[in-house]
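Peer 1: Input: one structure, supplied below.
4 protein chains.
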Amino acid sequence: MEKKKINIGLIGGGFMGRTHSNGYNRVPNFFPDLAFTPVLKAVCFRNETKLKAFAAQWGYESTETDWRKLIERDDIDAVDICTPNDTHAEIAIAAAKAGKMILCEKPLARDLAESKQMVDAIAAAGVKNTVWYNYRRIPAVTLAKNIVASGKLGKIYHYRANFLQDWTINENLPQGGEGLWRMDAAVAGSGVVGDLLSHCIDTAIWLNGGIQEVSAMTETFVKQRMHQLTGKVEDVHIDDACSFFCRFNNGSLGLFESTRYARGHKALYTFEINGANASIRWDLHDLNRLEYFDNGDESNLKGWRSIHVTDGDQPYMGNWWVPGLGIGYEHSFVHQAADFFKSLETGEDCAPTFKDAFETQKVCEAVLDSAATRSWKSC
Amino acid sequence: MEKKKINIGLIGGGFMGRTHSNGYNRVPNFFPDLAFTPVLKAVCFRNETKLKAFAAQWGYESTETDWRKLIERDDIDAVDICTPNDTHAEIAIAAAKAGKMILCEKPLARDLAESKQMVDAIAAAGVKNTVWYNYRRIPAVTLAKNIVASGKLGKIYHYRANFLQDWTINENLPQGGEGLWRMDAAVAGSGVVGDLLSHCIDTAIWLNGGIQEVSAMTETFVKQRMHQLTGKVEDVHIDDACSFFCRFNNGSLGLFESTRYARGHKALYTFEINGANASIRWDLHDLNRLEYFDNGDESNLKGWRSIHVTDGDQPYMGNWWVPGLGIGYEHSFVHQAADFFKSLETGEDCAPTFKDAFETQKVCEAVLDSAATRSWKSC
Amino acid sequence: MEKKKINIGLIGGGFMGRTHSNGYNRVPNFFPDLAFTPVLKAVCFRNETKLKAFAAQWGYESTETDWRKLIERDDIDAVDICTPNDTHAEIAIAAAKAGKMILCEKPLARDLAESKQMVDAIAAAGVKNTVWYNYRRIPAVTLAKNIVASGKLGKIYHYRANFLQDWTINENLPQGGEGLWRMDAAVAGSGVVGDLLSHCIDTAIWLNGGIQEVSAMTETFVKQRMHQLTGKVEDVHIDDACSFFCRFNNGSLGLFESTRYARGHKALYTFEINGANASIRWDLHDLNRLEYFDNGDESNLKGWRSIHVTDGDQPYMGNWWVPGLGIGYEHSFVHQAADFFKSLETGEDCAPTFKDAFETQKVCEAVLDSAATRSWKSC
Amino acid sequence: MEKKKINIGLIGGGFMGRTHSNGYNRVPNFFPDLAFTPVLKAVCFRNETKLKAFAAQWGYESTETDWRKLIERDDIDAVDICTPNDTHAEIAIAAAKAGKMILCEKPLARDLAESKQMVDAIAAAGVKNTVWYNYRRIPAVTLAKNIVASGKLGKIYHYRANFLQDWTINENLPQGGEGLWRMDAAVAGSGVVGDLLSHCIDTAIWLNGGIQEVSAMTETFVKQRMHQLTGKVEDVHIDDACSFFCRFNNGSLGLFESTRYARGHKALYTFEINGANASIRWDLHDLNRLEYFDNGDESNLKGWRSIHVTDGDQPYMGNWWVPGLGIGYEHSFVHQAADFFKSLETGEDCAPTFKDAFETQKVCEAVLDSAATRSWKSC
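Protein chains in written order, with the numbering used here: chain X, 1 to 379; chain Z, 1001 to 1379; chain E, 2001 to 2379; chain W, 3001 to 3379.
Below, the structure written as structure tokens:
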């Protein structure tokens, strides 16, 4: 059977440009039964030297240095947005108007207003879309979703998550520009809230439903840093750390924390759900494992189970190796790419869509508002 | 050398009566070099049958059924208060007036007002005193204190702690009375805040200094339960769960959570401190271990160290067995008892004193106020 | 009800003298329902200064410096042997002839010949006896026994155990004499085989039945050490390390290892049993946990369970604290003491008896023979 | 710079065909600086339908059904052998004679005699070669090698490794044929010895040097199984389980075990090295971590470090993502492929070569001999 080709135009060539490109490249190898298959038609960013190298490395057929040109091209079916946050809205809206499918890196945008325009443009255009909240598709996380969906947990009491890093502790680290735009609020929109907590919130809403109201605290530990683009020491406007608690619509309580100042943690994204009958927890540093406690187990034999989520009957794992042989971070992007192409077959949405991601954005905005006003905020 | 005897009068014979009695009993065996030694002179509570059995089991020389009588006895040097929270204040104040040394189970009292009266009475009487926040004297926790004191952590950014249990999830569990007074707000003062978070706060202040302001959320999941003493279904007034964040005086951020609805956790008291140079974490379920991350370790060899705190040069451990052989929960009480007798030799305080515990009480009160008013509160 | 008193005469005041003394002392506190109760009537060893201090510390009513005198005393019901291995046989045989109950520290003796004489003497005398293979009575280990007895494991394929220490790596550590008799083969009989592997073998036979034949390797890494008693550098005759594999009577394979040269391990006694339907593993460094894998669990939810063996319905734990609050190494001795007194009520044996311990000794002897002859040996 | 192309001819399309194909495919993406690059020129196996699908899935330009034809083709530079063990020798020898580079799946062959012919043929032909003992190139394992090479461990006392699986416990599992040739001794040569212990031995020799002599035990738990190719119940000739101990040339002791009957373990390959000054351990189920104990750490702060081997300065990790984001099993093949192409630049060997693998084969043979004769065997 001849596969239908989807021509991808990738905008941006940073860390996320690499993860997405790898995702597309692996789909034919590991999901050979899909009816659709990606063609890496074009990649676009400004630095021409790096652009040629990137295209060669990942197998893109052509390059562009102006994203508007890429969007205008008739041979592009889908636009993948991997640029810094401040350009997501403009590109996505233009791509929607051009009728392209859109795959957008998270967070949707710098703030809720931008996000609203994007969601509206997508809705008006009616184009296929997805947002790369990739962690949903780590097999252990998908298993967590399946367990929740099965009802095994019973009434939910608690949801807690954190995302801890330590890479900005050094006070001499500059802000802004190449490799460090995440520390420039004008570009990123926020600090850990948009970058890290948005992941936690996306997973939380997916697993535990909508969030009603939040109360938050943020902190910027290092108040001034040299800006790489201006060469001057400038005020830092991002949040270095944020904690918030909240109430979910289902009556459970949420507790979230993120920071880039937790010495010893690199990318420690963990979540835990406590239900009346069972509990679940997961940790990105040991991503092939899911811990599960079932209160229905025989009394003397109750304990947290460490499930090594590598057997062939686990989500996605039938497409990889054999039991006991783990996969890595990058595979979450392969899975999302595969699911996107699958969604073209089925006609269903490839969640999270822009609309789904907008719900996450609302919580992020409420968190930042709450911290600024030192008061509870509805989402 | 003849040891000086300190006659102990214990009031209360529940779970804490047992832990304290065991503490006194073990001191001569494991801390033979102390100049002072306890004599279990009298135990006091109302149920006479149980009282006789308790005295026989633990070796008390005599019994009383009225605590006032016990306090009046000339042969009692020190009063140990293990009764439910609603009687702490009255007993402690009377004991102070009688010039007795006082060892009081935590929390100090049901609320800040009661606590204030106790602290004032103690100060007026000038009697030796200590409060049984026992976790400070788990060797791994004492080691944590020593590491903090050494300055190895550098500037502190984060402190987080939780105390998770699951024993009240059953909606048919009654409240109040024998074994369940902790669920009756009239007796306990509060729920998890006074019972569990007070432990977390005591350790936090000890390790990381004073707390400036807090913002909290509480929840009572099961709104009504049968009361054992009245036989009627009554409203539940305790907090089943509480989360709060805060700012410490040293500029670090705190995040705390406690609940009795975290399925799968029995007594999961954990804390973690993140400093610029090093981090520490501890978990009551594996109490002989302390985890330590040192950013000064050689680059490729950095990792969280799991320190099995059982060698003879670790705090208290020279008095126990040999490396690798762990001790248990109860030993924290033995250590506090030993330190109390040691403090009689040195003339120093046996922390935490009533004054120290009052600081914890202030934070507890601010937490409850904050949750009730949905706003930040100073401590 | 008046308890019946059993007068204990303890011989030896080293590490094991302390663990046994503590065991007796705790029994009345934590096992108050027993019909029999120990009286610490006398302790015996040669250093008079230390002897007085030891008696005072642990509450012995009297002292002896000659064990023969202690055995002759009419007011001694039970003799507890905690001396170095080379005196076990002589003392035990004399105590048996005197009609005393005997509690003997493991291993039974230096070799099989001595052990045989002891077993025969005990049998002839018909006295109550037990050997302190204490690890059977760690609650998690007793739970393991209960799981095995339930048949949940199915056909057993593998049993593996190790006991790893690192305290003799230093080549300048002397041998023999105070604190170091375990390194003198003339006193100890062997090195890790008798000291550590004997524990592993006792547990193995208890959990998995008899051992048919063994093949072993031993090594003495440091060939000569200064002897503390002679002041001379002498050849070292103990085994520093030993590995052996074996076949159990039930058809399963065994693999055992012990060493005092495993840097980083203090007292890492672990065992694992693999059955067709389920597996179990345990680790002395985290002694309150038992890991359990049940192949009957729902397919996607299979995983090793970490059972925190602290709930009141777990073996022995109803006598201690509340769920989540662990106990320590020393408690295994309290449990064996309690079980010994219980056995006086029931008339049953308090396993392991001398006869049971003799089976372990047979395996130890076969292991040493096998290593010496580089061939398989039957047990 | 134009890369030099190496045309690969892959023989075999099973599990290993997939891992190798993925390895080649990823090299250009993640190791873009190499001077050589693979071209997937041809794949060869007998089932034509599957062959076409395999070629399409992995991007092979052409197919062959007769491996002799593939070897004859002038446009093939390198032959990759992924067939069952019984064909390795014939193919490798033919490929060597044809002057092809050879990449051969482990183990080298069914037995030492076949292996000897292969090594000789390779030596005579002087062709570039490597054997896919892939675990060496898990970053944490390579880090272990670097630590050993640094001398940090000091004198080595112990090396232990095991490889535990549970997939053949079911007595109704057939043997031989599609998917199950590993259970047919005529094809595989042996059971766990060649399949699993060979990995452990390869790593051991690499990390700890040569093995002098071994003593082994093997067992076949299920004596007869239905053979898929004959349809008859036939005797099983493979070893289901094997344990052995050994002495290394450096004086350290080794202990190894492998089985397919360890319920609860999927691919639990672990190793541990104990040196006088430091120790290391690793576990395939958590492959991004290396545990390290350094006795030189400050006394109270010694503990096993859990190194999350994901920072950019760790072996191979600069080519992947960012700290904290793990990789998987498959990456070990990508690394070996990349190192093979790198070796074409440098002219050095890409270890393990056939010659290196022959050393492993010698130990395997000694192990099987030892088990058969119940005696020690030199390697």
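Glycine included, C-beta positions come from ideal geometry on N, C-alpha and C.
Taking ARG1281/Z as part of the alpha helix (DSSP H), name the residues at either end of that continuous run.
Peer 2: No alpha helix (DSSP H) holds ARG1281/Z; the beta strand (DSSP E) holding it covers 1278-1283.
Peer 1: At what residue ranges does the region 3144-3217 of chain W contain a whole run of the alpha helix (DSSP H), taking only runs of 4 or more?
Peer 2: Within the region 3144-3217 of chain W, the complete alpha helix (DSSP H) runs of at least 4 residues are 3185-3188, 3198-3208.
Peer 1: Just how far apart, CA to CA, sit ASN295/X and PRO2352/E?
Peer 2: Answer to the nearest angstrom: the Cα atoms are 35 Å apart.
Peer 1: Can you give the Cα-Cα distance for ASP3066/W and ALA3186/W, rounded to whole angstroms?
Peer 2: Their backbone Cα atoms lie some 22 Å apart in a straight line.
Peer 1: Does DSSP classify TYR1269/Z as helix, strand or coil?
Peer 2: Reduced to three states, the DSSP call for TYR1269/Z is strand.
Peer 1: Between the Cα of GLY1217/Z and those of SER1306/Z, ASP1339/Z, ASP1240/Z, spot the shortest distance and give me the residue it belongs to.
Peer 2: What sits at residue 1217/Z in the sequence shown is Met, not Gly. Of the candidates SER1306/Z, ASP1339/Z, ASP1240/Z, the one whose C-alpha sits nearest the C-alpha of MET1217/Z is ASP1240/Z.
Peer 1: With C-beta atoms as the reference, is LEU3034/W less than 8 Å away from PHE3333/W?
Peer 2: Going by C-beta atoms, LEU3034/W is not nearer than 8 Å to PHE3333/W.
Peer 1: Which residues in chain Z have a C-beta closer than 8 Å to the C-beta of TYR157/X? List them in chain order.
Peer 2: Here the neighbours are ILE1169, PHE1221, ALA1241, THR1259, TYR1261, ALA1262, ARG1263.
Peer 1: With DSSP as the reference, identify every bridge partner of ASP3235/W, one or two as the case may be.
Peer 2: In DSSP, ASP3235/W forms a bridge with GLN3224/W.
Peer 1: Per DSSP, which residues does CYS3246/W bridge with? Please list them.
Peer 2: Paired residue(s): VAL3214/W, GLY3254/W.
Peer 1: Please list the partners that ARG2305/E has in chain X, where partner means a Cβ-to-Cβ separation under 7 Å.
Peer 2: In chain order: LEU301, GLY303, TRP304, ARG305.
Peer 1: Looking at C-alpha atoms only, which residue of GLY3179/W, PRO3323/W, ALA3371/W is the closest neighbour of TRP167/X?
Peer 2: Ranking the options by Cα distance to TRP167/X, first place goes to PRO3323/W.
Peer 1: Which partner residues does ALA3042/W have in the DSSP bridge list?
Peer 2: DSSP output for ALA3042/W lists GLY3009/W, SER3062/W as bridge partner(s).
Peer 1: Please return the same chain residues whose Cβ sits closer than 8 Å to the Cβ of ILE1091/Z, not counting the five positions on each side in sequence.
Peer 2: Result list for ILE1091/Z: ILE1011, TRP1067, ILE1071, VAL1079, ILE1081, THR1083, in chain order.
Peer 1: Once you ignore the five residues that flank ASP1311/Z on each side, which residues in its own chain have a CB closer than 6 Å to its CB?
Peer 2: Cβ neighbours of ASP1311/Z beyond the five flanking positions: PRO1323.
Peer 1: Considering only residues of the same chain and omitting the five flanking positions on each side of THR1142/Z, which have a CB-CB separation below 6 Å?
Peer 2: PRO1315.
Peer 1: With the cut-off set at 8 Å, would you say HIS3308/W and ARG3281/W are in Cβ contact?
Peer 2: No, the Cβ-Cβ distance between HIS3308/W and ARG3281/W is not below 8 Å.
Peer 1: Check whether chain W comes within 8 Å of TYR1292/Z, counting only Cβ atoms and requiring the distance to be less than that.
Peer 2: At least one chain W Cβ lies under 8 Å of TYR1292/Z.
Peer 1: Who are the Cβ neighbours of CYS1246/Z in its own chain at under 6 Å, not counting the five residues just before and after it?
Peer 2: Cβ neighbours of CYS1246/Z beyond the five flanking positions: ILE1211, VAL1214, GLY1254.
Peer 1: Does any residue of chain W bring its CB to less than 8 Å from the CB of GLU330/X?
Peer 2: Output row for GLU330/X: interface = yes.
Peer 1: Less than 8 Å between the CB atoms is what I'm expecting for GLU1178/Z and GLN1228/Z, so what's the real figure, rounded?
Peer 2: GLU1178/Z to GLN1228/Z, Cβ: 7 Å. Contact.
Peer 1: Between TYR2157/E and ASN2274/E, how many whole angstroms is the CB-CB distance? I'm expecting something under 8 Å.
Peer 2: So it is a contact: roughly 5 Å between Cβ atoms.
Peer 1: Using DSSP's beta-bridge definition, name the partner residues of ALA2241/E.
Peer 2: ALA2241/E pairs with GLU2219/E, THR2259/E.
Peer 1: According to DSSP, VAL2079/E sits in a beta bridge with which residue or residues?
Peer 2: DSSP, once it has assigned bridges, lists GLY2009/E, ILE2102/E as partnering VAL2079/E.
Peer 1: Using a C-beta cutoff of 8 Å, does ASP3369/W count as contacting chain Z?
Peer 2: No - not a single Cβ of chain Z is within 8 Å of the one on ASP3369/W.
Peer 1: In the DSSP assignment, find the unbroken alpha helix (DSSP H) run with LEU2070/E in it and report its ends.
Peer 2: 2067-2072 is the span of the alpha helix (DSSP H), which, as asked, contains LEU2070/E.
Peer 1: Kindly provide the ranges of any alpha helix (DSSP H) runs that are 4 or more residues long and lie completely inside the region 1326-1369 of chain Z, ordered along the chain.
Peer 2: Qualifying alpha helix (DSSP H) stretches, in chain order: 1331-1346.
Peer 1: Does any C-beta atom of chain E lie closer than 8 Å to the C-beta of ASP313/X?
Peer 2: At least one chain E Cβ lies under 8 Å of ASP313/X.
Peer 1: Assuming LYS1290/Z is part of the alpha helix (DSSP H), what are its boundary residues?
Peer 2: Correcting the residue type first, residue 1290/Z is Leu in the shown sequence and not Lys. Careful: LEU1290/Z lies outside any alpha helix (DSSP H), inside the beta strand (DSSP E) at 1289-1294.
Peer 1: How is ARG2305/E classed by DSSP in three states: helix, strand or coil?
Peer 2: Note: ARG2305/E maps to strand in three-state DSSP.
Peer 1: Are ILE1076/Z and LYS1052/Z touching if we call contact CB-CB under 8 Å?
Peer 2: No, the pair does not count as a contact, with Cβ atoms beyond the cut-off.
Peer 1: Check this for me: beta carbons of TYR133/X and ASP195/X, under 8 Å apart or not?
Peer 2: Contact: no.
Peer 1: To the nearest angstrom, report how far apart LEU301/X and GLU2272/E are at their CA atoms.
Peer 2: If I take the Cα positions, the gap works out to 16 Å.
Peer 1: Since I believe ASN2162/E is in contact with THR2270/E (beta carbons under 8 Å), could you give me their beta-carbon distance rounded to a whole number of angstroms?
Peer 2: Contact holds; Cβ gap of about 6 Å.
Peer 1: Take ARG3018/W and list the residues in its own chain whose beta-carbon comes closer than 8 Å to its own, dropping the five residues that flank it on each side.
Peer 2: Within the same chain, ARG3018/W has close Cβ partners TRP3058.
Peer 1: Can you tell me where the alpha helix (DSSP H) holding THR3019/W begins and where it ends?
Peer 2: It spans 3015-3030 - the alpha helix (DSSP H) in which THR3019/W sits, taken as one unbroken run.
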